[in-house]
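Chains as they are written, first to last, in numbering that gives the first Met the number 0: chain A, 0 to 661; chain B, 0 to 68; chain C, 0 to 55.
All C-beta atoms, glycine included, are put in the ideal place defined by N, C-alpha and C.
Okay, structure first, notes after.
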Amino acid sequence: MANVALIGNPNTGKTTLFNSLTDKYAFVGNWTGVTVEKKVGTLKNSDIQIVDLPGAYSLNPLTKDEAVVTNYLLTNRPDLILNITNASQLKRNLLLTIEVLERGLPVILILNMIDDLRRSGQSYDLDLISHRLGCQVATTNARGHKGINALRQQILNYQNISSQPLQLDYSGMLQQAIRQATEALQNDFDYDATTARWLTIEFINQSKAVREYASAKGLTPLLSQAPYYDAQKFADQIYENRLDFIEKLLADARQSVTSGGQPEVTSKIDKVVTNPILGLPIFAGIFYLMFKISFEWVGTPLSNLLDWFLSVPVSNTVNHFLIQVGAMAPLRSLVVNGIIAGVGGVLAFIPQIFTLFACISLLEDSGYMARAALVTDRLMQLIGLNGKSFIPLIIGFGCNVTGIMAARTIEQPKERLVTTLIMPFMSCSARLPIYGLVVAAFFPKHQALIVLSIYFLGIFVALLVAKFYQLLFHVKERSVFIIELPEYHLPRLDIIWHGTWDKGKGFIKKAGTIIFAGTVLIWLLSSFGPSGFVTDSTKSFAAVLGHALVPFFKPIGIAEWQAISALFTGVLAKEVITSSMMVMFHTSNKAVLIAALSQFMTPVAAYSMMIFVLLYIPCFATLATIKQETGSTKWMLFSVVMSLAIAYVTSFIVFQVGSLLF
Amino acid sequence: MINQQYTLNSFNCLNKPTASRLHNMGLCEGCPIKVIQRYPFHGPVIIENNHQRIGIRYRDFAALTGVEA
Amino acid sequence: MQVLVNVLLVAAIIALAVFIIFRTFRKVKTGGKCAACDYDCELKKIKDKHDHLMAK
């Protein structure tokens, strides 16, 4: 089975091309760093595997993301490399191409977004480029599905593509240093000539990943010379030599130049959304609209319909069926009041969650995210982060785990750590069902606004905590903030649908696994008590546990044992809080629970409970990811303690002050 | 100040990752750039070079062009 | 008889739930990230296949 690797700069349409070439799709977003781990698919109608690597500007990795690419080339030998470039920005894209070509594997250079280039009145002599670089060249427009079939034919023919390593002429001393080290590597370590030369050049070029590799393998010919290479500033020379080569190549290959420039549309939109004064209000407005759509205009009406369907026809039919086949009370209670009520109660929120995901996917696909990062950078600087942290945080609205993964695109390790640690305060979609319940019960007139306020509170707490961490960790490193602003594109329906489905299907799957399990667990706790099976749940274990903790929760307004026990199950997955409430209030209908809730609590207490749910201990998938990405259990425990303390203090203040005011 | 042309003078005052990222994006000493947008309170600056738009911090912009901070 | 079937069914559902909780805990313990995520992506399948071959 053949392996093909897809390598290219961010914002070149890499993932879109991957999706057109393969059967299985991967998610795309119009901002840097969507592909956080490599993705694999199979070329349509073949057994050729295509690996989609994260976007990288060079093989000298600044981010964890880029390190994936360099390490891939260090440890794998793909049969073919597809180097995708943005045809309008060849100058900078070819810098990476040279590094890839020097690796000496068969390469097809793809000039993507070729339509944009033509529109700007330019074209290149492809034969000349192909000849000088020694690789095949193809042109595509992945978004418009142009050139894909021709490219697929080229890939199927991969065995006939010869590999000619590019032998760039580096100047004087540098060339000599490369030759010496290459020979030593060949003789002492059995590398083939091309690999040895590539390793040497990348080593001299101060690629962190290659230097680590050399240390690990003990490549003394390189290691011993490192101080000399650095003192001579060979890395700068390599860069200049490469740039000269590219400029000459492009000057020779450029065929017709008329006055070009940025297409009109992008400039016009940017005039408004990146406006120095209006930028932030527009950003807030877009979010308000998103929640308005999810909670008032589209999501909630659909959700009510689904809830009715699950709690009336489905629940009744199953109940009748169980009575007919002779099921006894405990089994009926488990299935109807436990599983259907609990899991169904969470599933009823699918419309809201999917609507919100569709909105986020739309923002990602259009190219707005990079602008959002830009307009928020000044604010983020105040707390020692940068605008780039903002994108992972927004991804965290979907699921904190993916948000933490997206934080890999941040260059500074400390900024990455802080972003990871504040991620749990971003209100993930699993917390939506509980907000949905509370706003329907207590704030029916202002649903979108109340939910938005919880989201912004989460952001606010996150920023505050980030500031605290900045002081705690003494972040003094000068941070990096360079962000590319890609062209806007017209959103494509299929890309948005794929993005929504990709984010949402985990939720549906969880309903069948952990939410189901949590529901059964809570049913057990609320149906059995010290005296065995009980029909009155006030005598159950859950009630005993809940009652015992009332003194602790009373100051934040939560005085019902049902709510307290439900909070415990939330550590499994935050959706389970909602299903637990359903089970413990013995109802299969959202409307009944809503009515029951409003008798138990005041609106202030309900709001305080939402805050507690927002901020308290992250679910354990998130905890595990924090442990993985920070590489220590210490940070994970730290996150548990911090979030619990912050949640308690915040809801305490809100409840006490709120009770005085209202 | 907007739509004004600048030339990148020096990469020396930048920190290493910033300089190398800008290099990777094809920006080098002597490259011409155009300022598209700037933000108040020394917020980021959007520059255009070679048909690409990039947002950078004011401090880096000032160091690159030698404009008084 | 009816009682037995009822008890068995309840026990089976509970056992399944307990199994899922334990499996999730184990998955999380062996490493977060991919392990903690509920989605079987292509990469995961390939990795499983690879681990399987290596074990042989």
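- When the alpha-carbon of A:A369 is set against those of A:L484, A:G402 and A:N140, the nearest one is in A:L484.
- Going by beta carbons, A:S206 and A:T69 fall inside the 9 angstroms limit.
- About 19 angstroms separates the Cβ atoms of A:Y606 and A:S642, ruling out a contact at the 8 angstroms cut-off.
- Contact check for A:I359 against A:A372 fails: the beta carbons are separated by 9 angstroms or more.
- By the beta-carbon neighbour count (other beta carbons within 10 angstroms, threshold 16), B:N2 is exposed.
- Going by C-alpha positions, B:L7 is about 10 angstroms away from B:V66.
- For B:T6, the three-state secondary structure derived from DSSP is strand.
- Beta-bridge partners of B:E47 (DSSP): B:K33 and B:R52.
- When DSSP reads this structure, A:K145 sits in a beta bridge with A:N140.
- In this structure the stretch 103-116 of chain A lies against the stretch 71-90 of chain A, because at least three pairs of beta carbons, one per stretch, are closer than 8 angstroms.
- Using a Cβ distance threshold of 9 angstroms, A:K502 and A:C398 count as a contacting pair.
- In this chain, the beta strand (DSSP E) harbouring A:I481 covers I481 to L484.
- The straight-line gap separating the alpha-carbon atoms of A:S302 and A:A347 is approximately 6 angstroms.
- Pairing A:D51 with A:A1 gives a Cβ-Cβ distance that is not under 9 angstroms.
- A:V417 does not reach chain B, its nearest Cβ partner there being about 17 angstroms away, counting only Cβ pairs nearer than 8 angstroms.
- For A:A4, the uninterrupted beta strand (DSSP E) segment begins and ends at N2 to G7.
- By the criterion of a C-beta distance shorter than 6 angstroms, A:Q163 is surrounded in its chain by G133, once the five residues flanking it on both sides are discounted.
- A:Y123 has A:R253 as its beta-bridge partners, per DSSP.
- With a threshold of 16 other beta carbon atoms within 10 Å, C:M0 falls short and is exposed.
- The closest CA to that of A:G569, considering only A:D535, A:L596 and A:A516, is found on A:A516.
- Each residue's CA atom was taken as its position, placing A:K145 and A:D46 some 23 angstroms apart.
- Cβ atoms of A:A572 and A:W560 stay farther apart than 8 angstroms, at about 21 angstroms.
- Using a Cβ-Cβ cut-off of 9 angstroms, A:T273 counts as an interface residue toward chain B, since at least one Cβ of chain B sits closer than that to its own.
- Among the residues facing chain A, B:P31 is not included, as its CB has no counterpart in that chain under 9 angstroms away.
- The stretch 289-297 of chain A and the stretch 446-465 of chain A touch, with three or more beta-carbon pairs separated by less than 8 angstroms.
- Close CB contacts of A:F480 within its chain, under the 7 angstroms cut and outside five residues either way in sequence, are with D376, N385, G386 and K387 (chain order).
- For B:L21, the neighbours in chain A by C-beta distance under 7 angstroms run, in chain order, I481.
- A:T632 carries a helical assignment under DSSP once its states are collapsed to helix, strand and coil.
- Rounded to the nearest whole angstrom, the C-alpha separation of A:S428 and A:F527 is 31 angstroms.
- Among the CB atoms of chain B, none fall inside 9 angstroms of the CB of A:A439.
- For the stretch 365-379 of chain A, the set of positions with a beta-carbon nearer than 7 angstroms to some beta-carbon of chain B reads L373, D376 and R377 in chain order.
- For A:L110, the secondary structure class from DSSP, reduced to helix, strand or coil, is strand.
- Secondary structure of A:F389 (DSSP, three-state): helix.
- When the alpha-carbon of A:S161 is set against those of A:D189, A:L104, A:N140 and A:L173, the nearest one is in A:L104.
- Rounded to whole angstroms, the gap between the alpha carbons of B:P16 and A:W197 is 22 angstroms.
- At a cut-off of 9 angstroms between C-beta atoms, A:G435 does not count as an interface residue with respect to chain C.
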